[in-house]
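Numbering (this note's numbering), first residue to last: 217 to 400. Glycine included, C-beta positions come from ideal geometry on N, C-alpha and C. Down below is the structure, laid out as structure tokens.
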């Protein structure tokens with residue numbers, strides 16, 4: 217039980233989410249008790265939603281996962297927390313593997329781009345002083361269709377696998393607890 221109570225300290229409360237600027241617009245719906253209940257279905261669905269948006273979107277993952285969790289009546293903290301599957305440490309390997317997967321699925325030939333055409337065009341037009349580094353959208357456009365296809369595959373597969381694994385793990389844990397309670 218120590219493991220579970222340790223992580224409960226990091227889960228935001230309804231009041232904190234209602235006051236935060238990214239999730240303030242969800243405040244009228246965050247009062248529903250079912251959204252905060254820890255059951256097998258709600259936690260598994262919440263984590264699947266979070267993994268889905270964590271892989272699919274490079275920005276605004278938490279608000280989208282919270283809104284989807286409210287609509288689907290999933291566990292909001294599980295949905296918001298599991299978006300952190302893509303963080304500054306895992307972002308680059310996940311996006312590289314997604315690009316490779318998308319390139320394989322779409323039949324894209326060639327290596328991953330090492331420079332971004334949009335940035336080269338801007339720096340050539342700006343003169344000798346150079347240009348600011350390309351923004352996120354220009355980088356994603358330069359990677360194109362393989363990255364988008366790969367991220368969509370990762371999001372769908374990751375969400376489905378997460379739901380199945382969390383449900384199975386929860387079920388096994390309950391079975392084990394019942395087995396331990398039986399007299400021997």
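Residue 294 has its alpha-carbon roughly 11 Å from the corresponding atom of residue 382.
A contact is defined here as three or more CB-CB pairs under 8 Å, and the region 229-237 fails this definition with respect to the region 257-265. In the three-state scheme derived from DSSP, where H, G and I count as helix and E and B as strand, residue 325 is classed as coil. Boundaries of the alpha helix (DSSP H) around residue 298: 292-298. DSSP, read as helix, strand or coil, puts residue 370 in helix. The residues 234, in chain order, have a CB closer than 7 Å to that of residue 240 in the same chain once the five nearest residues on each side in sequence are set aside. For the pair residue 257 and residue 309, the Cα-to-Cα distance works out to about 30 Å. If you look at residue 235, you'll find it in the alpha helix (DSSP H) that goes 230-235. Here residue 389 carries a helix assignment [DSSP, helix/strand/coil].
Of all alpha-carbon atoms in 244, 270, 246, the one lying nearest the alpha-carbon of residue 375 is that of 270. Residue environment: residue 291 is assigned as buried (16 or more neighbouring CB atoms within 10 Å of its CB, all protein chains considered). DSSP, reduced to helix, strand and coil, places residue 277 within a helical segment of the structure shown. In this structure, the alpha-carbon of residue 243 lies about 20 Å from that of residue 299.
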